Amino acid sequence: MKNVTHTNGKLPNMHKKSDIQILRWLGLLIFLLGFTVFTASIFLGHYQIDASTVQKASEYIPQEQVQLLNSLSGTRYASILEAIQGLENTLNPEHKLPSYQWNEYKFWIIKSAARGVLAENPSLFLLLTIGLGALGALLFILPGLTALPGIKNDGIFFRSITSKGLLGILLGGYLIAFYIILYWYPEYIVNLIILVDPVSEFLRNKAADRWFLYGFLYTVAVTVMGIRMFIKYRHNRYQLIRTGSVIFFQFGFAFMIPSILERFNQPSMDLKNAWPLNYTFFMDWNIKSLLNSGNLGIFLFLWGILLSFVIVPLFTYLFGKRWYCSWVCGCGGLAETLGDPFRQLSSKTLKAWRIERIMIYSVLVFAVVMTVLQISNFLSNGALFGSYTWRVNKAYSFFIGSIFAGVVGTGFYPLMGNRVWCRFGCPLAAIMGIVQKFKSRFVITTNGSQCISCGNCSTYCEMGIDVRWYAQRGQNIVRASCVGCGICAAVCPRGVLKLETTDPDKRYNVVLDDLIVEAMKTSEELNKAS
Amino acid sequence: MEHLVIIGNGISGITTARHVRKRSNMKITVISKETQYFFSRTALMYIYMGHMKFEHTKPYEDSFWEKNRINLIYSYVTDVDVDTKTVFLEDGRTLQYDKLVIATGSKSNKFGWPGQDLPGVQGFYSYQDVLLLEENTRNIQHAVIVGGGLIGIEMAEMLHTRNIPVTFLVREQYYWDNILPQEEARLVSRHIVEHGMEIRFKTNLKEILPGEDGRVRAVVTEFGEEIPCQLVALTPGVHPNIDLASKTKIATNRGVLVNEYLETNIPDVYACGDCAEIVVEREERHRIEQLWYTGKLQGMALAKTICGERTRYDRGIWFNSAKFLDIEYQTYGFVSNVPREGEESFYWEHPDGKHAIRIVYNTENRAVVGMNFFGIRMRHPVCEQWIKEQKKVEYVVSNLREANFDPEFYTHYEKDILRAFNQMYHTNLTLNQKSQKLFSLFSR
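These protein sequence lines are chains A and B, in that order.
Our numbering applies: residue 26 is where the first sequence begins, and numbers increase by one.
Our numbering applies: residue -6 is where the second sequence begins, and numbers increase by one.
Structure, rendered in structure tokens:
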């Protein structure tokens, strides 16, 4: 009861605000510095072919390539572009090698040849790039603690980066370019991969490749932006626990456990990556590698089967697909942390919903057909479909696994929202969606007639569900695509929505509005009653 | 084909149109000069705060209206001739109607303060008001809000998000204590202060002063204090907009007079929503209901009447909700700011001052008549049922968990509430955990 009469004092928060703004600007500056060094470091240093280069590269390239490389000893390339061009001309002049082999050799030779300040001080540069980036981001994020807890989506549609303005488009372009280079031209960013060599050596006892860089960046992004989620939703325990869960699964299951397995030369696997999101699980080489790796391999194989065909449907029945999509999954983990500032950009139109259904089920069909080929191929030892399986898998990997899930999935965050892949492409989400729609305990309950149609729920639905459509007519929400992130319930200013698990037969509720209209007494009924 | 013309595309007019379309094939035309398409008035604040754009406030896609054969006319109605059943539009067009609905909404109150029409002084009700506010708050240093109601606190929150310092002039002793009981009014008042807003209780506006540029420069309170400001937000409520109806033979008082069937004195002319003043035979006071919920319910009832089933508007068990900055508020039944004759109440407040509950009950039979909730979400159907079935206060405090609607993993306060109740009334009630089973898998 204190303070109520104290009304004419200074305005405490107003003055603090400017100091906080300075801290935020400082954070932004440090972040941009790290970001700039990160990007610019691609071009640092030179490339030298000498004995140490040959020795390092020999781990990854065949004998004849080692000899060819030896003959280049003493060559110095001034820049990354020169190095790529020069090696291309001398080591693979008529493009005789299959491109997938040559790309691999090229990458390791160039990485081994990198010299200069960055190659000599990778740890220092790791701090100056990703380190500064993370520090700056945290400085930008932490002052959020000075505001009172509660939903504060202030200015989201005024900021260029979160409302598809120029900055948003530039960021999208950068992410898209990064994915394309990472997937298909990793030799251009060997310097970035060298940055994480010390971490890789420490964890896995071997040099970093591009997937290690990707996994490292991914984990840092999920963690730093996860802290942002902790602060933004610190009044909401569902969001806190959920965010803790995605950080845990990314850090532990996707990053640490595979690294440690690799350290001990065991078959490496992301234990939470269920089929068909994991589309190489049934490839003959994967099954063989698992089955030939002793007890751990067999365990991993059986676990993969159990996860995909028992745990996924059962848990989806019990909790809805949220248990995976917004609590466990790696794609979901990135979307819920790094992608959270962009959730409002998903399209809510009926047209988008139509396209979504066509696309996601097409990908599912593609994935199932491919899996049938894979399994037949494994069982027949390659006799049934042979290289055809390999080609289908390659096509899937290129179009779905790389372009859709990666380039579009993340690159389009600032353009189409943070769940483009999950909404339009993920075949695992498609399967769980079917379970969720037709046989699950999960439902978003609408609280009577309390909806005021404000539209916060729909605006902030990352899956593009027009939540308000249901809420304003007093209807519960059961949609295949809902990943159960709970933000609709969080942003609702009237407490109208609640994610809950309940008897599946009671999920399909009526349209309350229509019941109310029916129940309204006509004058005839009133006369009869009196 | 019968032609239904609805003047006003707010929640009540649009609800009427939608439900008529569900029941009938008649031609429907909705006229408004506020916006081309229906939007949610309750979301206007979020546009200014940058949470949403205008397009997000539209509850239906633009194609919805054509698909449902609801014609929208973006124009201003200048007059209605009820004898020839003609509507006159500002652009010279005329429309013939068979049935007419007046749903013209509200206008902001102004109580004749000197300077109330200066540039930089405004209310907050319409889409145009958001645009005006954007203009009026460009590069300003200080704002004064006059009137401590729901719109006032919304405006305070809006300006706060733009870092515009606000002085809030409230006539009452505590915020909204003409509606809220003391404890709740204090709870909200504390929360306003906590946000760093300056709030002056028991302070009335005397006049608004212009500067050399002709815009508002300062306000003067009744105590003679001058507060410099470049924006004055007048938010002492709204009144029915009867500008159009009062030009016609349609009977008006404060609002458009209608009976419980929302019929005016003129056959085939109806009114609903904010602008309607409902005369109930059994009641002395006329009802003017200016809520989203009631506007919607009136539209639903009226649609039935228009389609041939003359239906009484009955708002059922009263409920309302709001959000005071970060604290959500729900109310069910009747909770008076000062206890009514024959009623008592049980109030519990969490030490953090952000969660509270009040249960008002009949002293004699202990039946619950109303409930207030702050910072705790409750299930509407359950609370409604309790009041309808006249459950005793003891039953309600023992069964609060059944009605809890907070998100999963939230802290529950039912035990604390029951403990406080047991202490106060020397009872030994226990919490009914029955409903827990239903949700045991995912909630605590």
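Just so it is clear, CB atoms sit at the ideal spot from N, CA and C, and this is done for glycine as well.
Since the model is a prediction, treat every value here as computed from it, not as a measurement.
Inspect the beta-carbon positions of Ala108(A) and Ile135(A) and report whether they are closer than 8 Å. yes
DSSP state of Ala294(B) mapped onto helix, strand, coil: helix
Proximal residues, the region 294 to 309 of chain A versus chain B, C-beta separation under 8 Å: none
Continuous alpha helix (DSSP H) assignments of at least 4 residues falling wholly in the region 51 to 116 of chain A: 76 to 82, 88 to 96, 105 to 116
Kindly indicate which three-state DSSP category Tyr386(A) falls into: helix, strand or coil? helix
Report the three-state DSSP secondary structure of Pro439(A) (helix, strand or coil). helix
C-alpha gap between Thr79(B) and Leu(-3)(B), whole angstroms: 12 Å
Check whether the region 476 to 484 of chain A and the region 348 to 361 of chain A are in contact - that is, three or more C-beta pairs closer than 8 Å. no
In angstroms with no decimal places, state the Cα-to-Cα distance between Ile86(A) and Lys313(A). 24 Å
Name, please, each residue of chain B whose Cβ falls closer than 8 Å to the Cβ of Ala514(A). Pro400
Count the C-beta pairs between the region 528 to 542 of chain A and the region 248 to 260 of chain B that are closer than 8 Å, then say yes if the count reaches three, no if not. no
If the criterion is Cβ atoms closer than 8 Å, does the pair Ile133(B) and Ile157(B) meet it? yes
Am I right that Arg183(B) and Gly346(B) are in contact with their C-beta atoms under 8 Å? What's the rounded C-beta distance? 6 Å
Name the two residues that bound the continuous beta strand (DSSP E) containing Asn64(B). 63 to 67
State yes or no: is the beta carbon of Leu170(A) nearer than 8 Å to at least one beta carbon in chain D? In the displayed structure, chain D is absent; the protein chains listed are A and B.
By the 10 Å Cβ neighbour count, where 16 or more other Cβ atoms means buried, how is Lys450(B) classified, buried or exposed? Limits of chain B in this structure are -6 at one end and 437 at the other, which puts residue 450(B) out of reach.
Excluding sequence positions up to five away, which residues of its chain have a Cβ less than 7 Å from the Cβ of Met308(A)? Gln399, Asn418
Checking the sheet assignment: what are the DSSP bridge partners for Ala264(B)? Ile95(B)
Give a yes or no on whether the C-beta atoms belonging to Ala96(B) and Ile235(B) are separated by under 8 Å. no
Could you give the first and the last residue of the continuous beta strand (DSSP E) run that contains Pro221(B)? 219 to 221
Under three-state DSSP, which class holds Thr423(B)? coil
In the DSSP assignment, find the beta strand (DSSP E) that holds Gly363(B) and state where it starts and stops. 361 to 367
If we ignore side chains and look at the alpha-carbon of each, how far apart do Ile176(A) and Ala515(A) end up? 8 Å
Chain-ordered neighbours of Gln497(A) on chain B, where CB pairs are closer than 7 Å: Pro52
Cutoff 8 Å: Asp44(A) Cβ touching any chain B Cβ: no
With Tyr354(B) and Glu377(B) assumed to form a contact (beta carbons below 8 Å), what rounded beta-carbon distance in angstroms separates them? So it is not a contact: roughly 16 Å between Cβ atoms.
In this structure, what does DSSP give as the bridge partners for Val159(B)? Ala136(B)
Show which residues of chain A have a CB atom less than 8 Å away from the CB atom of Met42(B). Asn178, Asp179, Gly180
What residue range is occupied by the uninterrupted beta strand (DSSP E) comprising Tyr340(B)? 336 to 342
Residues bridged to Ile185(B) by DSSP? Per DSSP, none; premise fails for Ile185(B).
Figure out for me which residue from Val163(B), Ser101(B), Asp110(B), Glu128(B) has the closest Cα to the Cα of Tyr118(B). Ser101(B)
Could you tell me which chain B residues have their CB closer than 9 Å to the CB of Arg49(A), listed as they occur along the chain? Within 9 Å Cβ-Cβ: nothing; Arg49(A) doesn't reach chain B, min ~13 Å.
Ser474(A): contacting residues in chain B (beta-carbon distance under 7 Å): Tyr286, His373
If we cut at 8 Å on Cβ distances, does Asp170(B) have a partner in chain A? no
Short-range partners of chain B found in the region 141 to 174 of chain A, where Cβ spacing is below 8 Å: Leu173, Pro174
Alpha-carbon spacing of Gly329(A) relative to Val388(A), whole angstroms: 21 Å
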